[in-house]
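In what follows, a structure is listed as structure tokens, so that the remarks can point back to it.
Structural data, given as structure tokens:
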């Protein structure tokens, strides 16, 4: 988690309008996941755009406003998480039938 926070801090040093977070939830403990999600929410509140690429769909969908799901090299579906999890094709080929969206209200 410390490494991820350091990477984000380094990216913010240039006062960006957008940042890319590549696999921010990979290999970190649940407490660090929540910390990173909180940081993402703070950046969003500061009008910094965030592009997240991550295989951890549950944690990513919990905090995104708009999502592009990739499958076999292309965009399977784009939209808000609430719409994506209701899509039958998305459930069949990507999320699984038992997937449940757990949106988070992050407090600062």
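In the numbering used here, the protein residues as written are 511 to 618. Every residue, glycine too, gets a C-beta built ideally from N, C-alpha and C.
Check your understanding: Can you tell me whether residue 514 is buried or exposed, with buried defined as 16 or more other CB within 10 angstroms of its CB?
Key -> For the purposes of this step, residue 514 is taken as the residue at position 4 of the chain shown. Looking at its Cβ environment, which holds 16 or more other Cβ atoms inside 10 Å, residue 514 is buried.
Exercise for review: Might you give, ordered along the chain, the residues of its own chain that have their beta carbon closer than 7 Å to the beta carbon of residue 614, omitting 5 neighbours on each side?
Suggested key: Position 104 of the chain shown, counting from 1, holds the residue named residue 614. Excluding positions up to five away in sequence, the list reads 547, 572 and 573.
Practice item. Just the C-alpha distance for residue 609 and residue 569, rounded to the nearest angstrom, thanks. Key: On the chain shown, residue 609 is found 99 positions in, with the first residue counted as 1. On the chain shown, residue 569 is found 59 positions in, with the first residue counted as 1. Rounded to the nearest angstrom, the two C-alpha atoms are 12 Å apart.
Review point. Could you give the C-beta distance for residue 592 and residue 611, rounded to a whole number, given that I count them as a contact under 8 Å?
Key: Within the chain shown, numbered from 1, the residue matching residue 592 stands at position 82. Within the chain shown, numbered from 1, the residue matching residue 611 stands at position 101. So it is a contact: roughly 7 Å between Cβ atoms.
**Study point:** Distance, residue 549 Cα to residue 533 Cα
**Key:** Within the chain shown, numbered from 1, the residue matching residue 533 stands at position 23. Within the chain shown, numbered from 1, the residue matching residue 549 stands at position 39. Taking the straight line from one Cα to the other gives about 15 Å.
Review point. Which value, in whole angstroms, describes the spacing of the CA atoms of residue 575 and residue 511?
Key: Your numbering for residue 575 matches position 65 in the chain shown. Your numbering for residue 511 matches position 1 in the chain shown. Approximately 23 Å, taken between the alpha carbons.
Review point. Can you tell which of 525, 531, 579 and 559 has the C-alpha that lies nearest to the C-alpha of residue 517?
Key: What you label residue 517 is simply residue 7 of the chain shown in a count that begins at 1. The shortest C-alpha separation from residue 517 is found at 531.
Exercise for review: List the residues that DSSP assigns as beta-bridge partners of residue 588.
Suggested key: The count along the chain shown starts at 1 and reaches residue 588 at position 78. When beta bridges are read from the DSSP output, residue 588 appears opposite 578.
Practice item. Please list, in chain order, all residues of the same chain as residue 542 whose beta carbon is under 6 Å from its beta carbon, the five residues on each side excluded. Key: Your numbering for residue 542 matches position 32 in the chain shown. Excluding sequence neighbours, residue 542 sits near 511.
Review point. Does the distance from the C-beta atom of residue 529 to that of residue 560 stay below 7 Å?
Key: The count along the chain shown starts at 1 and reaches residue 529 at position 19. The count along the chain shown starts at 1 and reaches residue 560 at position 50. Contact flag set, yes.
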